[in-house]
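*Asks:*
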């Protein structure tokens, strides 16, 4: 699945001269399908305009990472318990929110923390152990 998370504006982006308008918007919000969405990218600096078909779109809300976990990562968790692999891949420009989405903060945990908490919770409450003796979890940022 391919999703987009639009990060909130950062404090330094709230200067009086900035126009605080996101360059990404949903197309046909009213007729949006549950299976896919279309986003429109309009770059005011380069006049580049493009449209992309995606599986899901998350807007600039503060606690959106928990919602991303529930809708996109949580459905993979039972498969992990059964020994299958799962990958969450965050891609984007520097400052686009990849680290925040994956690692989060103490107040708003990221996808890694939420996934590991889910795995530990399932193991503790079912008395189960991973089906493979050497379970690996890896987080590797690439620059």
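In this note's numbering, the protein residues as written are 18 to 160.
Here a beta-carbon is modelled for each residue, glycine too, at the ideal position from N, C-alpha and C.
Keep in mind the model is a prediction, meaning the values are calculated, not measured.
Excluding five sequence neighbours on each side, which residues of the same chain lie with their C-beta closer than 6 Å to the C-beta of residue 115?
*Replies:* 107, 109
*Asks:* Residue 127 to residue 83, Cα distance in whole Å?
*Replies:* 8 Å
*Asks:* Using the Cβ count rule (16 or more neighbours within 10 Å means buried), how would you classify residue 74?
*Replies:* buried
*Asks:* Taking a contact to mean a Cβ-Cβ separation below 8 Å, would you say residue 24 touches residue 113 in this structure?
*Replies:* yes
*Asks:* Bridge partners of residue 55, per DSSP?
*Replies:* 70
*Asks:* Relative to the C-alpha of residue 39, which candidate in 97, 86, 58 has its C-alpha closest?
*Replies:* Nearest C-alpha to residue 39: 58.
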